[in-house]
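Undergrad:
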Amino acid sequence: MKQIILILSMVFALGNLARAQSTELGILGGVSLYSGDLSEDEFGLYFENLKPAFGIFGRFNLSNTLAIRLGVSHGQVQEESDLRGSDEYMRNFRSNITEFALTAEINLFRIGRTTNFQAIPFIFGGGAVFNFRPETLFDGNWIEMQPLGTEGQGLPGYEQPYQLTQIAIPVGLGLKLDMGNWAMSFEFGGRKLFTDHLDDISNASVSYQDVYEGNGELAAMISNPIAGNDGEPNPTYNRGGPFDDWYYIGGVTLSFDIGGGYGGRGSGRNIGCPTF
-10 MKQIILILSM
0 VFALGNLARA
10 QSTELGILGG
20 VSLYSGDLSE
30 DEFGLYFENL
40 KPAFGIFGRF
50 NLSNTLAIRL
60 GVSHGQVQEE
70 SDLRGSDEYM
80 RNFRSNITEF
90 ALTAEINLFR
100 IGRTTNFQAI
110 PFIFGGGAVF
120 NFRPETLFDG
130 NWIEMQPLGT
140 EGQGLPGYEQ
150 PYQLTQIAIP
160 VGLGLKLDMG
170 NWAMSFEFGG
180 RKLFTDHLDD
190 ISNASVSYQD
200 VYEGNGELAA
210 MISNPIAGND
220 GEPNPTYNRG
230 GPFDDWYYIG
240 GVTLSFDIGG
250 GYGGRGSGRN
260 IGCPTF
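Its first residue numbered -10, the sequence shown is counted upward by one per residue in this note's numbering.
#1: Applying the criterion that 16 or more other CB atoms from any shown protein chain within 10 Å of the CB defines a buried residue, is residue 108 buried or exposed?
#2: From the DSSP output, in three-state form, read off residue 248 for me.
#3: Could you give the C-beta distance for residue 66 and residue 80, rounded to a whole number, given that I count them as a contact under 8 Å?
#4: Any idea if residue 128 is buried or exposed, counting beta-carbon neighbours within 10 angstroms, 16 or more meaning buried?
#5: According to DSSP, is residue 198 part of a helix, a strand, or is it coil?
#6: Note down the Cα distance separating residue 176 from residue 41, rounded to an integer number of angstroms.
#7: Would you mind sorting residue 141 into buried or exposed? The rule is 16 or more other CB atoms within 10 Å of its CB.
#8: Which ranges does the beta strand (DSSP E) cover as unbroken runs of at least 3 residues, wholly within the segment 139 to 172, from first to last along the chain?
#9: Taking the straight line between their C-alpha atoms, what separation do you get for residue 189 and residue 120?
#10: Taking 7 Å as the line, does the beta carbon of residue 63 fall inside it for any heavy atom of the ligand FAD?
#11: So what's residue 191 in DSSP terms, helix, strand or just coil?
#12: Looking only at DSSP bridge pairs, what is residue 238 linked to?
#13: Could you tell me whether the segment 85 to 97 touches the segment 141 to 151, using the rule of 3 or more Cβ pairs below 8 Å?
#14: Could you compute how far the alpha carbon of residue 246 sits from the alpha carbon of residue 45?
#15: From the DSSP output, read off the bridge partner residues of residue 114.
#16: So, for residue 131: in the same chain, excluding its five sequence neighbours on each side, which residues have a beta-carbon less than 6 Å away from its beta-carbon?
#17: Quick one: measure Cβ to Cβ for residue 178 and residue 226, integer angstroms, because I've assumed they're closer than 8 Å.
#18: Looking at residue 201 and residue 224, is the spacing between their C-beta atoms short of 8 Å?
#19: Under 8 Å Cβ to Cβ from residue 184, same chain only, skipping five residues before and after it: list those, please.
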């Protein structure tokens, strides 16, 4: 239901974009990365796990200060973590992510001439619908985890299987270099998620025997590869920790004005506070 509401909000917002003073079409090239239960820190950025990301978007400049951006992006996140302090127990995952986002960009101020060049710091935030499919490397093969129910999903006393399409709140900042008929931006943003299963791992309490008997041997082995090694016949454990899952996308965008001139920039202002 939340996904449907967000999609309807995006469609409704498009009805107001005809008033835009200018419209840009652009492309994004950059990187994506993850932080969450497998990270050493809640908001750790582990650059060895950077993966390529790309996207396309339309930017609708409503005023000298405010723009609305609608776009689709695709990237991949991954992580490998030694959860027991031993090379015998490595947990890893990867997931492709496709995101549809509607965000508002607020230009903080403008530096430079008003005709040929301006540097414009901005912040952005909004809503997104994204799809993900976490996989883990098991016996040399990548296995999709959501259908397995590695935390007892679907069994009595456990949660229902999590949805692979979720909503998120993108927030971030950037610097836009306005060159007249085209612009280049450098930006970085995180996604606040409403699921803790981006990596298939949450802080839920799991019974190994429940997973084994209810969802099968493969689900149990992926849930906890070393369960029972300490002699306990039916160990109960938490696969993850208290950290929330996030994913990040950052990079460079190139956009081209397809009509109207950038955001009514001919205000004669070189630097100052934004006005609506």
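Note that CB positions come from ideal geometry on N, CA and C, so glycine has one too.
TA: Inspection of the coordinates gives the following:
#1: exposed
#2: coil
#3: Incorrect: roughly 14 Å between the Cβ atoms, too far for contact.
#4: exposed
#5: helix
#6: 15 Å
#7: buried
#8: 154 to 167
#9: 13 Å
#10: This structure lacks the ligand FAD; in fact it carries no ligand of any kind.
#11: coil
#12: 21 and 178
#13: no
#14: 14 Å
#15: 93 and 160
#16: 124
#17: Incorrect: roughly 34 Å between the Cβ atoms, too far for contact.
#18: no
#19: 151, 152, 155 and 234
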